[in-house]
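In the UniProt record's numbering, the protein residues as written are 1 to 237.
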């Protein structure tokens, strides 16, 4: 269901539909998530140019959507990544990258909780993806405090491998020097079998390009182990 352009496909219909978010202007990246193919509920999130955080609800597999609901405010308007993931019990965590911080806002027992920030030190971030698998497992693109471009894995704990409400160490699995020509952006992740992560590599040298790459975790390892295959480009020729 995810599409940062505000579009979704109804399960099984094969028909592309468009989310109508009314008169909202200057919308930052958004995210659509569902509780699973056997559950009809879904949520869409986005942040606007006025530091508002909104949600839309659907209870019929995305056929119809309610009115936008204001759920919070972002610290700034410099939002370069947003992701959300349900737990099996219907609780949810919403993550967004605001400049050099990841924020999490949890939905627990039918109530939104106060957002909190991570405890890491980095440069500006450019993407965040999340799935739930005992904890909330995150894939992040951005810069470290020295301006080097990074791909990181991170766990926001829910009592699986990491204590609930705490963050694991930020673990690097790819890097590009700040004085080079490569950057990483636009993270996405899923787990159809093993963990599979996707990102955009931006090359700023001669014959510049933006090209999608992907990687996947080593089978029979845990996400927190941070064991990934070398990222490879999509074959777009």
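Think of the CB as a built atom: it goes at the ideal place given N, C-alpha and C, for glycine as much as any other residue. Keep in mind it's a predicted model, so treat the numbers as computed, not measured.
Selection from 97, 203, 90, 186 that minimises the alpha carbon distance to residue 177
Residue mapping note: residue 177 aligns to position 177 of the chain shown, counting from 1. The residue among 97, 203, 90, 186 with its C-alpha nearest the C-alpha of residue 177 is 203.
So what does DSSP say about residue 230, is it helix, strand or coil?
Within the chain shown, numbered from 1, the residue matching residue 230 stands at position 230. Residue state, collapsed to three classes: coil.
In whole angstroms, what separates the C-alpha of residue 183 from that of residue 201?
Mapped onto the chain shown, residue 183 falls at position 183. Mapped onto the chain shown, residue 201 falls at position 201. One Cα belongs to residue 183, the other to residue 201, and the distance between them is close to 6 Å.
Among all the DSSP beta bridges, which residues are the ones paired with residue 176?
Reading the chain shown from its first residue, position 176 is the one you call residue 176. Partner residues in the beta bridge of residue 176, as assigned by DSSP, are 149.
Residue closest to residue 145, alpha-carbon to alpha-carbon, out of 124, 154, 157:
Mapped onto the chain shown, residue 145 falls at position 145. The shortest C-alpha separation from residue 145 is found at 124.
Reducing DSSP to helix, strand and coil, say where residue 190 ends up.
Locating residue 190 in the chain shown gives position 190, where the first residue counts as 1. Annotated three-state conformation of residue 190 is strand, per DSSP.
Going by CA-CA distance only, name the one from 74, 61, 109, 164 that's closest to residue 243.
Beyond the ends of the chain as shown, which are 1 and 237, falls residue 243; an answer cannot be given.
Going by DSSP, what residue range makes up the beta strand (DSSP E) through residue 137?
Locating residue 137 in the chain shown gives position 137, where the first residue counts as 1. 136-143 is the extent of the beta strand (DSSP E) around residue 137.
N- and C-terminal bounds of the beta strand (DSSP E) containing residue 224:
Along the chain shown, read from residue 1 onward, the residue named residue 224 stands at position 224. Unbroken run through residue 224: none, as it is neither H nor E.
Report yes or no: do three or more beta-carbon pairs, one from the stretch 182-199 and one from the stretch 123-139, lie closer than 8 Å?
Contact holds: three or more Cβ-Cβ distances are below 8 Å.
Whole beta strand (DSSP E) elements within the stretch 60-85, 3-residue minimum
If one requires a minimum length of 3 residues, the beta strand (DSSP E) runs lying completely within the stretch 60-85 are 69-73, in chain order.
Between the C-alpha atoms of residue 122 and residue 58, what's the straight-line distance to the nearest angstrom?
One-based indexing of the chain shown puts residue 122 at position 122. One-based indexing of the chain shown puts residue 58 at position 58. Straight-line Cα distance between these residues: approximately 36 Å.
Please state if the CB of residue 128 and the CB of residue 174 are separated by a distance shorter than 8 Å.
Here residue 174 refers to the residue found at position 174 when the chain shown is read from its first residue. Here residue 128 refers to the residue found at position 128 when the chain shown is read from its first residue. No. Outside cutoff.
Who are the Cβ neighbours of residue 215 in its own chain at under 6 Å, not counting the five residues just before and after it?
Against the chain shown, residue 215 aligns to sequence position 215. Excluding positions up to five away in sequence, the list reads 197, 228, 229, 231.
Among 157, 185, 47, the one whose alpha carbon lies nearest that of residue 211:
On the chain shown, position 211 is the one that residue 211 refers to. Nearest to residue 211 by alpha-carbon distance, out of 157, 185, 47, is 185.
On the three-state DSSP scale, how would you describe residue 92?
On the chain shown, residue 92 is found 92 positions in, with the first residue counted as 1. Of the three classes helix, strand and coil, the one that applies to residue 92 here is strand, per DSSP.
Among the residues of its own chain, which have a CB less than 6 Å from the CB of residue 157, if the five just before and after it don't count?
Against the chain shown, residue 157 aligns to sequence position 157. Excluding sequence neighbours, residue 157 sits near 135, 163, 164, 166.
Just to confirm, are residue 133 and residue 223 a CB contact at a threshold of 8 Å?
For this step, residue 133 is matched to residue 133 along the chain shown. For this step, residue 223 is matched to residue 223 along the chain shown. Taking 8 Å as the cut-off, the Cβ atoms of residue 133 and residue 223 count as close.
Please look up how many angstroms separate the CB atoms of residue 81 and residue 126, rounded, as I've assumed it's under 8 Å.
Start at 1 with the first residue of the chain shown, and residue 81 comes out as number 81. Start at 1 with the first residue of the chain shown, and residue 126 comes out as number 126. At roughly 7 Å, the Cβ-Cβ gap stays under 8 Å, so residue 81 and residue 126 are in contact.
When the Cα atoms are used, what is the spatial distance from residue 147 to residue 172?
The count along the chain shown starts at 1 and reaches residue 147 at position 147. The count along the chain shown starts at 1 and reaches residue 172 at position 172. Each residue's alpha carbon lies about 14 Å from the other.
Where residue 159 falls, given that 16 or more other Cβ within 10 Å makes a residue buried:
By one-based count along the chain shown, residue 159 stands at place 159. Exposed: under 16 other Cβ atoms inside 10 Å.
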